[in-house]
């Protein structure tokens, strides 16, 4: 996360709150309260002590600045939190605070709780993106536009197909995120839960139950696959959003003009009043890049030493915060961009005709193949293409004027109609929509 | 992939072959043969033409050097391959080669086939790593050693627990890799399969069937989540292996000496005859770093433009090759290191005693708590720890000589026995082994 | 580096050769010959032995496949090379081979020699890119086109200014690469050069002299700043080239059409005969991404343990090869794209007029400010912009028809002429050209 | 940057302040004031207006929360700042605020000013690290310890040589950072400075003078080599520090024990009172990893479109903040660790003897070579090494008892004295110290 200046610029409030200092403190306290409760259920801690601890787990009673300052000495913020909480609890119950746990148990479990909390708004924004894509796919299932490969017009597609491609990718990204298991962490100082005697594994299970997190088979202090998988899923979600953002910036180019972001004052330029900057797409791309950079740190931090690591683990905390926050930021910005998107079918149609029908040369070849065979058809069409390019005359005219092209001018018109050469576009739209509806 | 010089150094033959030029050519030809077969089943291509095509799909008839040279002009190696294949087929059937497909259909499907082929040996090597970990976990379930956090001795664990942690992580990594869906690609020039008319979606399904790959709901030319997910799973597998390799390099340190890689001449140094370099672990780490770098490119390449991308896609090919190859290289090297590992329980025991029992201060506190309460117990034990540190006298002596420590010397001996303070170590070993056995 | 299939596609021969297995073997042998020569000059090795060693340093006498196979056992290819060379030398002189050096001395020095060799063609290709940019900057210093920000037309610029921006960035990238120091490595097994007695530091200096590399103050076996700096400079060069490639792909878009890559058959599509794919730009972008991924590994591998590292160093070799090769590949591809670039001033002019003069709203405001003051001028121009947008009437008409706009229609025409609102564009072109000429 | 919780944990106040929101606002206002001053000197703006603007450039008058909120609409925080400043200035002078500049001019120049400010404490911390290394190198120039390669003891070195290696790398990293040029940015909306007429280039020069930044030959809105170079230099500095931190964590291992971080309560563990965690080294490593992740984003963001980018640029802001902050955090943490480092020569000596002299086998070979020739000497010493390893008898005994080893037992003792086999260690220490003293 970030400064106010940049944080508010890139991130919606719901996401910022979910990964805030406050959220971390709450999550750490939730761990301590749940641990005491689990240990009470296991008969290791008196019920009253667990209740006293639960009651003391009040974020308002802790001074975050003090935690932060002391955290520098301990190398993590959990140690001072435990100390402060123990003081808050006081009396006999104080001796039962944090029983059997180590700082990393607190931090890792808190990280999973923060992740779960942040995945709420992230998923909601992704759902918003998917919903907007679904509407576009459905509404524009028959809106022809140029399909572009290597940024060159290639063949007609529909805007619905493009949106269906976005939709399917977002649905997949959402599914991947939801599938990442979030597990509780509890191993004690070296992963044996030694100070809980024979009850360690049982407490682990009860703690998982208390917090609604997955129970891992073994402590995972230095087995960071879970964290890396979460990071990867966030990065893939961000990359999926970035692709849509990139497409939008290309569609809204002045010379393309097939869409525009909402003109509600956003993206206006005081010195350049004619401009309508695609601010939502730009924020999407910027956030996606930041989410990815943070996720890469998580993938890079897996080789953690022995039972608990010296440095790589400590680098994870903010990287996870950042990956969550900016994946959320990307989803929020893109949802806004898509929901306000102005689609311009007329301009799509005009661009489609920019090459005077050349875009449909392949269709002509196909139509001609029945009569002439594929090879001959191909040869004749290429010759017409070449003549059109050289003479600057329309492709249609070259076709009509060529006696070797054994198609009537009506047939030629039909073949040059983009609508007639959309193949499975609509079928693909339907498939993507069906999967989307199944998933929601 | 790589030069011979480095390739043979880092990678086993099975992995190198699976991602070799030959493997790519075979995979591209498999696509073309299967496409013709699918189209024949759909009634779009005469059965004899499909057979002629299948017969011509012989990698020995293609000159890879020529493909490579021409590939530079086309921007990909599929275009010249299709041209060469079409020539090979000849006659009427030639017109049915590559019907409806685009170069990216060939390349993406071939990439998935290459991935599937490479995942064979990768999975086998991972299985070998897991098996070796399982044996170590089982055999050493009661072998005490120092647990180390931030590279400092913290509490006793067993070597079995350490190996169980490795095992569980490897089992998870293996499961993640197996879960990545490998889908066929077929969309034609712009993702509509226009030249297949109304039959596009049906051919897509038949093609998937022919090749045994997943059928995607829509073409995924610029929806790269699948590729990124594969890259991420390979990177996480590599990171999991790297963690084990890192632990091994630490365990075999001269001053630690708790393990050694096999002394079969590998890792010997002619100038330093006493050294036994952990070559397997070193190769594991080096390969893992390379796999990760390649995977990061895949995560970074997701924002692909419109219907087919200008540059980001083309960068994927070798990155996928590299991620597969080096994940395999890491697994192969680690398997070898683990299978030949010499474990030294005696040295583990000696190191465990290096702090004169200080490692078990927590156990003493726990034992003392019943009589004195946690706070007082903690205070007294810390005082003894401090005295031991300052006086250089053994911790045990400080405990015995302190009248405030209300434990008999027999009790103290029992508490200072690492075996008595292993908590759930064995239970965790059992859980990891059970999951491993379930997974195989 | 890479397979033939992909290697020939992405990389020119000169670059591939410079980082080939053969180049590595030659570089390792160059180290051994120079070391013997330096030690002969220092009086540590008989002159005849040094000559015998030099003579045996013949790459044709070594079997690279054997080196590779044995390298796997040693963990590096230098150890088997030294063994093979020692055998080749034979007799008395054999005892003087590799005197005082360690495998890493060979590998690191060879890496620097390979880098120096590869920097030859890389620099030449970069020079070619710069020369092409300089020609474009100069020829098109007065060719107006739309300047685009966030992919929206913003203000007029010249194509010369755009090319001058590319030029300056390439000149800087070239300078950065040339400034990276390439140092010899010689430290012996642990960096003391112990077996050279008191002569170590002197031999280090003589070796540097023999090879024409920089003499480092201390061995840098685990101080990898030099390698990281080289990687970073290659990545920045690649990123600089990628930016130009990206701009080209945008300029050649069908709807923009302000440039096209050479139509000499490259980038043609058999199924889509109207397309002219920007293959050179695409290869540039793909190569740049690969160079960056490799460079990131180098930046990531700096925390190398103690006197020589366990894994991070070994991961560097191929990463350096890749960073060099693909930076070269990007430069070669971009040079080709730029040298064959077809620039279309007419289309630039048409695009510039696409907004009916709105692009020059700022210029109108400036012109009007003298009479009305900035605030009032701004208000009135924005009103005209709004009316033009809403009415779909040309901006010029709105200006002429507005009595509050106190400019004659001739004045308005002059202000709406893009040529009159180019500010310092030409001055900037001159500055970039001057710096380029100074640098060459 | 970051939350308080993590920010205070990882970063010293001086660094946090230098990259804070407040620092950004001050830097943006410094740009606006300097621009007005430069334009006044160029005769474009009345002197009184420039003075009024300078006076209004007071960060206390701006509400950062409001800037942040509005920044989301504009896509950057500069636009609302200019608006707010213009209001603050009021009257006639208001029309001269931000004359000719664009938002990116403000942001890029502010970024360079923030970087300059942050490089102050970063350089100071690096100097502290270097000074601490220099003291260690000098004091321990004759303190023998084991040199370790692949984490195995290899040959004796001195702790002074190890520290000299650190020192030289830090001096180099410091030099690289100081060499990165920080340039002013001024180009107006599309890089032509059109609204400054013919005076653009001159104002650019005057602005650079006002701010003490470098004058670029052309605007660099989308030529991001400068930013990438700064990021790379920060990443290399961080990697250099991480290497030292890694070495420290290895040296302070319980089983190695050759050093310890200061025991002033930091790094203590309440549950594990015997532990002294290397908190400073751990923070160094964690910060270095974060700095690198941020720097990678900067290297990855270079392909910025046309005249100003859609997303990649916006992602840079926080990445630059993070790279600066965490490079500073790493330097601060390492300085603290090194200044308080407890070095244990006695333990170094003990570890050196752990192999019973095997570490000096190479020295014995060298000594024996004069009499027996290298090959025979090598053969005999290896045999003794093997016997020692197999029999568990000391290497010295095997040497003395072997009649083929033609050295007296006094000679053998001398050869087995690590002090006698340090080669150029001291010379290298002197070279590193000399360069350090030259650099300061």
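Protein chains in written order, with my numbering: chain A, 1 to 440; chain B, 1001 to 1440; chain C, 2001 to 2440; chain D, 3001 to 3440. Glycine residues also receive a C-beta, built at the ideal position from the N, C-alpha and C atoms.
> Hey, quick one: how far does the alpha helix (DSSP H) through residue 2145 of chain C stretch, first residue to last?
Replying inline: It is not in any alpha helix (DSSP H) - residue 2145 of chain C instead sits in the beta strand (DSSP E) that spans 2144-2149.
>> DSSP has residue 3343 of chain D in a bridge; who is on the other side?
In response: D:3259
>> For residue 3319 of chain D, which residues in the same chain have their Cβ closer than 6 Å to its Cβ, ignoring the five residues on either side in sequence?
In response: 3294, 3297, 3298
>> For residue 362 of chain A and residue 1195 of chain B, I'd like the C-alpha separation in whole angstroms.
In response: 8 Å
> Is it true that the stretch 274-293 of chain A meets the stretch 2148-2162 of chain C, where meeting means three or more beta-carbon pairs spaced less than 8 Å apart?
Replying inline: yes
> Would residue 1143 of chain B pass as a contact of residue 1345 of chain B if the rule is Cβ separation under 7 Å?
Replying inline: yes
> Relative to chain A, which residues along the stretch 2151-2178 of chain C have a C-beta separation below 8 Å, given in chain order?
Replying inline: 2151, 2152, 2153, 2154, 2155
> How is residue 2059 of chain C classed by DSSP in three states: helix, strand or coil?
Replying inline: helix
> Just by C-beta distance, which residues in the stretch 295-310 of chain A are closer than 9 Å to chain B?
Replying inline: 295, 296, 299, 300, 301, 302, 303, 304, 305, 306, 307, 308, 309, 310
>> So, does the stretch 2172-2181 of chain C touch the stretch 1431-1438 of chain B, judging by three or more C-beta pairs under 8 Å?
In response: no
>> Along the chain, where does the alpha helix (DSSP H) containing residue 422 of chain A start, and where does it finish?
In response: Looking at the DSSP string, residue 422 of chain A is not in any alpha helix (DSSP H), and its letter there is neither H nor E.
>> Comparing C-alpha positions only, which one of A:67, A:146, A:40 sits nearest to residue 350 of chain A?
In response: A:146
> Skipping 5 residues on each side, what residues in its chain have a beta carbon closer than 7 Å to that of residue 3167 of chain D?
Replying inline: 3130, 3133, 3134, 3137, 3432, 3436
> DSSP puts residue 214 of chain A in a beta bridge; with which residues?
Replying inline: A:183
> Helix or strand or just coil, what does DSSP make of residue 2155 of chain C?
Replying inline: strand
> Does DSSP classify residue 2016 of chain C as helix, strand or coil?
Replying inline: helix
>> I want to see whether chain C comes within less than 7 Å of residue 1077 of chain B, judged by CB atoms only; does it?
In response: yes
> CA-CA distance, residue 3045 of chain D and residue 3096 of chain D?
Replying inline: 7 Å
>> Looking only at its chain, what residues have a beta carbon closer than 6 Å to the beta carbon of residue 1049 of chain B, apart from the 5 residues adjacent to it on each side?
In response: 1093, 1096
>> Against chain D, with Cβ distances strictly below 7 Å, would residue 1086 of chain B count as a contact?
In response: no
> Can you list, in chain order, the residues of its chain whose CB lies under 8 Å from that of residue 1359 of chain B, leaving out five sequence neighbours each side?
Replying inline: 1146, 1153, 1154, 1155, 1156, 1352, 1418
> In three-state terms, what does DSSP make of residue 1041 of chain B?
Replying inline: helix
> When DSSP builds the beta bridges, which residues end up paired with residue 308 of chain A?
Replying inline: B:1149
> Can residue 2010 of chain C and residue 2287 of chain C be called in contact, C-beta distance under 7 Å?
Replying inline: yes
> Taking the alpha-carbon positions, what's the residue 1333 of chain B to residue 1004 of chain B distance?
Replying inline: 17 Å
>> On the CB-based measure, 16 or more other CB atoms within 10 Å of its CB, does residue 3424 of chain D come out buried or exposed?
In response: buried
>> Determine whether the beta carbon atoms of residue 1220 of chain B and residue 1110 of chain B lie at a separation below 7 Å.
In response: no
>> I believe residue 1077 of chain B touches residue 1065 of chain B by the beta-carbon criterion, under 8 Å. Please report the beta-carbon distance rounded to the nearest angstrom.
In response: Residue 1077 of chain B to residue 1065 of chain B, Cβ: 11 Å. No contact.
> Between residue 3340 of chain D and the rest of its own chain, which residues show a CB-CB distance below 8 Å, the 5 nearest in sequence each way excluded?
Replying inline: 3261, 3262, 3264, 3280
>> Does residue 1087 of chain B pass the burial test, meaning 16 or more other C-beta atoms within 10 Å, or should it be called exposed?
In response: exposed
> Out of curiosity, what's the CA-to-CA distance linking residue 1408 of chain B and residue 323 of chain A?
Replying inline: 54 Å
>> Using a Cβ-Cβ cutoff of less than 6 Å, which residues in the same chain neighbour residue 216 of chain A once the five nearest sequence positions on both sides are dropped?
In response: 183
> Among the residues of its own chain, which have a CB less than 7 Å from the CB of residue 3117 of chain D, if the five just before and after it don't count?
Replying inline: 3018, 3023
>> Taking the beta carbon of residue 2371 of chain C as the centre, do at least 16 other beta carbons fall within 10 Å, making it buried, or is it exposed?
In response: exposed
> How about residue 99 of chain A: is its C-beta nearer than 7 Å to some C-beta of chain D?
Replying inline: no
> According to DSSP, is residue 433 of chain A helix, strand or coil?
Replying inline: helix
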